[in-house]
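In our numbering, the protein residues as written are 3 to 307.
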């Protein structure tokens with residue numbers, strides 16, 4: 003396999019552009035190779051200019067909070083976009099909703115809504131990601147999903163800025179249909195005036211539930227597999243004897259066995275290989291074919307800068 007190197011030209015932008023940039027520090031797993039190019043546009047206007055000028059043949063990957071992502075050891079070819087908080091992290095509270103930039107963390111948006119006495123967005127406090135990623139995968143937790151609260155999302159494309167609602171995005175379970183090379187820049191989420199004490203209590207309940215049941219302080223990536231129809235993925239994994247299963251420094255969590263862990267020094271190959279072993283064991287035990295919820299991107303193989 004060819005070493006990861008910046009061999010193709012990039013358009014000039016006002017923001018930051020870095021060649022052969024390490025990506026592992028951005029991910030919750032702390033694994034993976036570099037980006038051929040890492041671009042951090044200054045603002046939405048800068049992003050639109052980049053998308054319009056970028057060679058259509060150049061691969062484009064958008065990196066959010068990287069909380070549900072394995073970047074493979076060989077790195078990511080083309081351009082990796084990471085939207086900085088300074089240009090894309092603003093949160094504006096309105097009487098019946100919140101407008102949040104794509105780089106705003108889900109938990110931060112929930113806190114802004116709670117501080118304003120707005121109910122309906124408490125579930126975001128249980129999702130470890132950013133608003134852009136939440137829109138792109140219709141994220142959900144604790145009985146609610148983005149589709150339940152989305153008024154509109156603004157999407158930057160090579161042709162310009164679009165404003166789309168949930169129907170236009172065809173939001174479904176952990177899926178959204180973004181336009182080709184589309185990048186979420188901000189979104190408006192509905193909320194309603196509520197009782198401040200009840201809102202705070204619900205958010206505390208969600209935080210306590212996560213702490214009690216999930217390895218939130220470990221190097222992990224959230225739920226590894228989708229829940230199959232009529233099943234809980236963790237229960238299938240547990241029944242197949244995979245709780246605590248290891249491959250190198252990768253491990254199935256003892257606390258919640260639908261979570262993979264980097265116990266220290268794991269490679270992306272070990273994590274992905276362990277996930278595939280879990281899938282095989284579950285299929286052999288129960289006949290259920292688990293599907294990845296964590297995204298895996300990039301090239302397999304040893305990372306070379």
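Just so it is clear, CB atoms sit at the ideal spot from N, CA and C, and this is done for glycine as well.
Between residue i and the rest of its own chain, which residues show a CB-CB distance below 8 angstroms, the 5 nearest in sequence each way excluded?
i: residue 212; result: 128, 218
i: residue 209; result: 127, 128
i: residue 275; result: 249, 252
i: residue 286; result: 242
Short of 7 angstroms in beta carbon distance, which residues of its chain neighbour residue i, apart from the five on each side in sequence? Order them along the chain.
i: residue 122; result: 151, 192, 193, 194
i: residue 29; result: 68, 71, 73
i: residue 91; result: 103, 105, 106
i: residue 98; result: 192, 193, 194
i: residue 54; result: 160
i: residue 196; result: 119, 120, 121
Please list, in chain order, all residues of the same chain as residue i whose beta carbon is under 6 angstroms from its beta carbon, the five residues on each side excluded.
i: residue 84; result: 42, 65
i: residue 307; result: Annotation note: pLDDT 37 at residue 307 (below 50); position unreliable, no value reported.
i: residue 255; result: 217, 261, 263
i: residue 281; result: 292
i: residue 44; result: 16, 17, 89
i: residue 143; result: 125, 128, 129
i: residue 147; result: 140
i: residue 24; result: 36
i: residue 26; result: 32, 33, 34
i: residue 167; result: 154
Per DSSP, what are the beta-bridge partners of residue i in this structure?
i: residue 41; result: 19, 83
i: residue 157; result: 164, 186
i: residue 73; result: 299
i: residue 103; result: 188
i: residue 252; result: 249, 264
i: residue 177; result: 174
i: residue 132; result: 107
i: residue 195; result: 120
i: residue 227; result: 294
i: residue 142; result: 147
i: residue 1; result: The question about residue 1 has no answer here: the residues shown for the chain are numbered 3 through 307.
i: residue 64; result: 83
i: residue 78; result: 37
i: residue 29; result: Paired residues: none, contrary to the question.
Classify residue i: buried if its beta carbon has 16 or more other beta carbons within 10 angstroms, exposed otherwise.
i: residue 89; result: buried
i: residue 225; result: buried
i: residue 134; result: buried
i: residue 174; result: exposed
i: residue 131; result: buried
i: residue 112; result: buried
i: residue 3; result: Confidence is the limiting factor: at residue 3 the pLDDT is only 39, short of 50, which leaves the residue's position unreliable, though a coordinate-based value still follows. The residue in question, residue 3, is exposed, as its Cβ has fewer than 16 Cβ neighbours within 10 Å.
i: residue 221; result: buried
i: residue 82; result: buried
i: residue 305; result: Confidence in residue 305 is poor, its pLDDT being 45 and thus under 50, which makes the residue's placement too unreliable to answer from.
i: residue 169; result: exposed
Measuring CA to CA, which of the options is closest to residue i?
i: residue 107; options: 282, 119, 125; result: 125
i: residue 214; options: 177, 70, 257, 79; result: 257
i: residue 184; options: 104, 111, 253, 228; result: 104
i: residue 259; options: 250, 242, 17, 27; result: 242
i: residue 272; options: 19, 13, 33, 12; result: 33
i: residue 200; options: 280, 148, 116; result: 116
i: residue 56; options: 98, 296, 159; result: 159
i: residue 51; options: 86, 39, 246, 12; result: 12
i: residue 270; options: 19, 38, 76; result: 76
i: residue 198; options: 114, 169, 31; result: 114
i: residue 202; options: 96, 118, 161, 220; result: 118
i: residue 10; options: 39, 31, 26; result: 39
i: residue 110; options: 236, 97, 136; result: 136
i: residue 165; options: 204, 190, 265; result: 190
i: residue 49; options: 26, 288, 98, 156; result: 156
i: residue 154; options: 288, 182, 234, 187; result: 187
i: residue 245; options: 233, 297, 277; result: 277
i: residue 61; options: 265, 182, 267; result: 182
i: residue 233; options: 87, 288, 196, 145; result: 288
i: residue 297; options: 240, 286, 176, 268; result: 176
i: residue 204; options: 240, 145, 235, 236; result: 145
Check the C-beta distance from residue i over to residue j and give it rounded, since I have them as a contact under 8 angstroms.
i: residue 120; j: residue 100; result: 7 angstroms
i: residue 79; j: residue 301; result: 7 angstroms
i: residue 171; j: residue 163; result: Not a contact, Cβ separation roughly 15 angstroms.
i: residue 247; j: residue 284; result: Their Cβ separation, rounded to whole angstroms, is 11 angstroms, which puts residue 247 and residue 284 out of contact at 8 angstroms.
i: residue 299; j: residue 94; result: Residue 299 to residue 94, Cβ: 31 angstroms. No contact.
i: residue 178; j: residue 206; result: With 8 angstroms as the limit, residue 178 and residue 206 do not qualify as a contact, their Cβ atoms being about 30 angstroms apart.
i: residue 279; j: residue 228; result: 18 angstroms between Cβ atoms; not a contact.
i: residue 315; j: residue 290; result: Shown here, the chain extends from 3 to 307; a query on residue 315 therefore has no answer.
i: residue 266; j: residue 31; result: Going by Cβ atoms, the distance from residue 266 to residue 31 rounds to 12 angstroms, so no, they are not a contact pair.
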